[in-house]
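Just so we're aligned, residue 0 is where the sequence shown starts under numbering that gives the first Met the number 0, counting upward by one.
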Amino acid sequence: MLKFARIKKFKQESDIKQDMKACFMGLGYIGLPTAIIAAMHDVEVVGVDVNPAVVEKTNAGILHIVEPGLAQKLGEVVSSGALRASLTPEVSDAYFIVVPTPFKGNHEPDISFVEAATRAVVPFLKEGDLYVIESTSPIGTTELMAELIYRLRPELKDKIYIAYCPERVLPGNVIYELVHNDRVIGGINPESTQRAMEFYARFVKGELHPTNARTAEMCKLTENSSRDVQIAFANELSLICDRAGINVWELINLANKHPRVNILQPGCGVGGHCIAVDPYFITAAYPNESKLIADARAVNNYKAEWCAEKVINAMLRFEIENRRKPVVAMMGVAFKPDIDDLRESPAKAIISKVMQRCNNARILVVEPNVAEHHVFKLTPYEQAYKEADIAVFLTAHTPFKSLPWDDNKVILDFCGIFRR
Ligand code: SAJ
Numbered sequence: 000m001l002k003f004a005r006i007k008k009f010k011q012e013s014d015i016k017q018d019m020k021a022c023f024m025g026l027g028y029i030g031l032p033t034a035i036i037a038a039m040h041d042v043e044v045v046g047v048d049v050n051p052a053v054v055e056k057t058n059a060g061i062l063h064i065v066e067p068g069l070a071q072k073l074g075e076v077v078s079s080g081a082l083r084a085s086l087t088p089e090v091s092d093a094y095f096i097v098v099p100t101p102f103k104g105n106h107e108p109d110i111s112f113v114e115a116a117t118r119a120v121v122p123f124l125k126e127g128d129l130y131v132i133e134s135t136s137p138i139g140t141t142e143l144m145a146e147l148i149y150r151l152r153p154e155l156k157d158k159i160y161i162a163y164c165p166e167r168v169l170p171g172n173v174i175y176e177l178v179h180n181d182r183v184i185g186g187i188n189p190e191s192t193q194r195a196m197e198f199y200a201r202f203v204k205g206e207l208h209p210t211n212a213r214t215a216e217m218c219k220l221t222e223n224s225s226r227d228v229q230i231a232f233a234n235e236l237s238l239i240c241d242r243a244g245i246n247v248w249e250l251i252n253l254a255n256k257h258p259r260v261n262i263l264q265p266g267c268g269v270g271g272h273c274i275a276v277d278p279y280f281i282t283a284a285y286p287n288e289s290k291l292i293a294d295a296r297a298v299n300n301y302k303a304e305w306c307a308e309k310v311i312n313a314m315l316r317f318e319i320e321n322r323r324k325p326v327v328a329m330m331g332v333a334f335k336p337d338i339d340d341l342r343e344s345p346a347k348a349i350i351s352k353v354m355q356r357c358n359n360a361r362i363l364v365v366e367p368n369v370a371e372h373h374v375f376k377l378t379p380y381e382q383a384y385k386e387a388d389i390a391v392f393l394t395a396h397t398p399f400k401s402l403p404w405d406d407n408k409v410i411l412d413f414c415g416i417f418r419r
C-alpha cells in the first residue's frame with residue numbers, strides 16, 4: 000500500500016510523468032487498447048505478445064486490429080515512448096493478463112494461455128507488485144494462479160497484490176467504453192482489490208465496484224450468459240411464431256409496450272467470441288445447476304441449424320415449382336450488424352451448410368463490410384439481391400434496410416430487415 004500512496008502523492012504534484020511501469024500480456028482486441036489507454040495516463044507500458052508480427056507492427060505504430068480511432072492513439076503513445084511492444088515481459092510494477100480463454104472440443108474452458116502468460120511474468124515479480132487477470136476466466140482461476148505464483152515464488156506470499164478485473168467493452172466502441180464503463184474489481188484479499196482499484200482509477204471515469212475475485216469472475220460470465228438467455232427467448236419466440244403464423248417482429252414490438260417487458264431481437268443464431276462462449280464456462284463447472292443457461296445455448300445453436308434447413312427447403316420447393324435451380328443471395332456473413340468480424344458467425348455456418356447440401360445451385364454471398372474472403376466469392380449486395388430468386392437475410396447490416404421488398408422473390412428474413 001505504501002508504494003501506491005507514493006504514486007498518488009506524485010500525481011497530486013501534477014507534472015511528474017510515468018510514475019509506474021506496467022506489462023500487458025497479450026496485445027489483442029482488449030489488451031492493446033487497454034495498454035494504449037494506460038500509456039496515455041502516465042504509465043510506462045510494455046506490451047507483450049507471442050506473435051512477432053504483432054510486436055513489430057505495434058512498435059512501428061501500426062494497428063493490427065480493426066477499431067475506430069485507435070490507430071492515431073497508438074501512433075501517439077509509440078512516438079512519445081510511453082508504449083513499447085516486446086516478445087518477453089520486463090520488470091514492472093504491475094502485470095495484466097489479457098490473453099484468450101477459448102474452450103476445448105467438449106466446451107471445457109482452456110486456461111492454458113492465462114497460465115502460460117502467468118508463468119512468463121513470475122520470474123519478474125517483486126514485493127509490492129500488482130498482478131491482474133482481465134481474460135474471461137472460469138470461477139477460481141485467479142485463486143489458482145495465485146497458488147501457482149506462490150508455489151514458484153514462495154517468498155512473495157501475501158507480499159504482492161492479485162486481482163481479477165473483467166473488461167466489458169463492445170468492439171467498435173472500445174476507446175469510449177474502456178474509459179466510461181463501470182468496472183468490477185475483485186482481489187484475492189481486500190488489499191489486492193484496493194490496489195487494483197487505484198490502478199484503474201487512473202483512466203476509468205465509470206464507477207469502480209469492489210468485490211472478491213470469484214464474484215468478479217462470475218460477474219463477467221453472468222453478463223454474457225444473461226444476454227445469451229435473453230436472445231434465446233427471442234429466438235424461441237421466432238420458432239413458435241413461425242409455426243403459429245404470427246409476425247414475430249410485430250409481436251415483440253407489441254409485447255415491449257408493457258412497461259416491464261424488454262424482449263431482444265431474434266436472429267440467425269448467436270455469434271462472436273463472448274456470448275456464444277462464456278456460458279459454457281458456467282455449464283462446464285456446474286452442469287446440474289445451470290439448466291436454463293445450457294438450454295439457452297442449445298436454443299441459440301439450434302436457431303442457426305433451423306435457418307439453414309429453411310433455406311434448403313425453400314430451394315427444393317423453388318426447383319420443383321420452377322423446374323430450374325434458384326439463384327440464392329445470402330445477405331450478410333458478419334456475426335452482427337455493421338461490423339467486419341466474421342469469427343464464430345452463425346451466418347457463415349449457415350452459408351457453408353447450404354452450399355454443402357445444394358452444391359449445384361448458384362449461391363451469391365454478400366458481406367458489404369469485407370473486401371474479400373478466402374472461401375466465399377463476394378458479390379455486391381444490390382447486384383446479388385437483384386439477381387436472386389431467393390434472398391436470405393442473415394445479418395441486419397444498415398445498407399440492406401434500403402432494399403425494396405419484392406413480391407417476385409422468396410424472401411427469408413431471419414434478422415428483421417423488412418419486419419414482415
Ligand atoms: N444478437 C441477437 N439479438 C439481439 C442482440 C444480439 O441475435 O437482440 C446477437 C448478435 O447478432 C450477435 C450476438 O448476439 O451474433 C452477440 O452480439 P452482442 O452485440 O450482443 O455482443 P458482443 O459479443 O459483440 O459483445 C458482448 C457484450 N456483452 C454484453 O452485452 C453483455 C460486450 O459488452 C462484452 O464486452 C463482450 O460480449 C465480451 O467481450 O465479452
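Built from N, CA and C at the ideal position, the CB exists for glycine as well.
In terms of side-chain proximity, the C-beta atom of Gly266 is found nearer than 7 Å to a non-hydrogen atom of the ligand SAJ.
Secondary structure of Pro209 (DSSP, three-state): strand. Ranked by how close their Cα comes to the Cα of Asn407, the residues Pro325, Val247 and Val168 have Pro325 in first place. The C-beta distance from Pro209 to Ile184 rounds to 6 Å, short enough to fall under 8 Å. Counting only residues of its own chain and dropping the five nearest sequence neighbours on each side, Ile36 has a CB closer than 6 Å to the CB of Leu177 and Phe202. Look at Phe202 here: in three-state DSSP terms it is coil, with no helix or strand label. Around the beta carbon of Leu253, fewer than 16 other beta carbons sit within 10 angstroms, so the residue counts as exposed. Partner residues in the beta bridge of Arg182, as assigned by DSSP, are Leu207.
Lys385 and Arg356 have their C-alpha atoms some 24 Å from each other. Taking 7 Å as the cut-off, the C-beta of Pro367 does not count as close to any heavy atom of the ligand SAJ.
The Cβ neighbour count for Tyr175, taken over all protein chains shown within 10 Å, is under 16; the residue is labelled exposed.
In this model, Ala116 and Met24 are separated by some 6 Å (Cα to Cα). Shown here, Ile64 sits in coil according to DSSP, grouped into three states, outside any helix or strand. Scanning Val173, Ser191, Val260 and Arg152 for the CA closest to the CA of Thr141 turns up Ser191. Measuring C-alpha to C-alpha distances from Arg323 to each of Gly331, Glu133, Met314 and Ala293 identifies Met314 as the nearest. The residue from Ala307, Ala370, Glu107 and Phe95 with its alpha-carbon nearest to that of Tyr199 is Phe95. Listed in chain order, the non-local C-beta contacts of Cys273 below 8 Å within the same chain comprise Thr135 and Asn223, local neighbours out to five positions each way being set aside. Here Tyr130 is buried: its Cβ has 16 or more other Cβ atoms, across all protein chains shown, within 10 Å. Apart from the 5 residues on each side of it in sequence, Ala233 sits with its Cβ closer than 7 Å to the Cβ of Ile251, Ile262, Leu263, Gln264 and Pro265 in its chain, given in chain order. If you ignore the 5 residues before and after Gly268, its C-beta comes within less than 6 Å of the C-beta of Asn299, Lys302, Ala303 and Pro345, all in its own chain and listed in chain order. Following the DSSP letters along the chain, one finds Tyr94 inside the beta strand (DSSP E) bounded by residues Ala93 to Ile96. Note: Tyr163 is bridge-paired with Ile132 and Gly185 in the DSSP secondary-structure output.
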